[in-house]
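Input: a single structure, listed below in structure tokens.
Numbering (full-length UniProt numbering), first residue to last: 1 to 101.
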């Protein structure tokens, strides 16, 4: 599992802050596609669809469950040699315990 510290230690980062609204999901997904292209990843690669789906679900969860107390969502896209990671942050006061996948 990649942690926030690991994401922040990667050399290249893009940070996107969007309003916690339904349209955020599309904006984040389109930005993710641009980051993937910039990193040299073909959008037809078999890992891209599942990664974009996971990212979309994380943003959707932030919109649904945190929008009332967190009007903005921040997404970090980080990449380095052989690594691409993303993190979704909101300002909701509840922080679930980390869990190993």
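Here a beta-carbon is modelled for each residue, glycine too, at the ideal position from N, C-alpha and C.
Beta-carbon spacing of residue i, residue j below 9 Å
i: residue 54; j: residue 92; result: no
i: residue 25; j: residue 60; result: yes
i: residue 20; j: residue 73; result: yes
i: residue 58; j: residue 88; result: yes
i: residue 76; j: residue 8; result: yes
i: residue 28; j: residue 56; result: yes
i: residue 65; j: residue 39; result: no
Range of the contiguous alpha helix (DSSP H) that encloses residue i
i: residue 60; result: 48-66
Cβ neighbour criterion (16 or more within 10 Å) applied to residue i
i: residue 15; result: exposed
i: residue 47; result: exposed
i: residue 97; result: exposed
Delimiting residues of the beta strand (DSSP E) encompassing residue i
i: residue 21; result: Note, residue 21: premise wrong, no beta strand (DSSP E); not H, not E.
i: residue 69; result: No beta strand (DSSP E) contains residue 69, which DSSP labels as neither H nor E.
i: residue 84; result: 83-89
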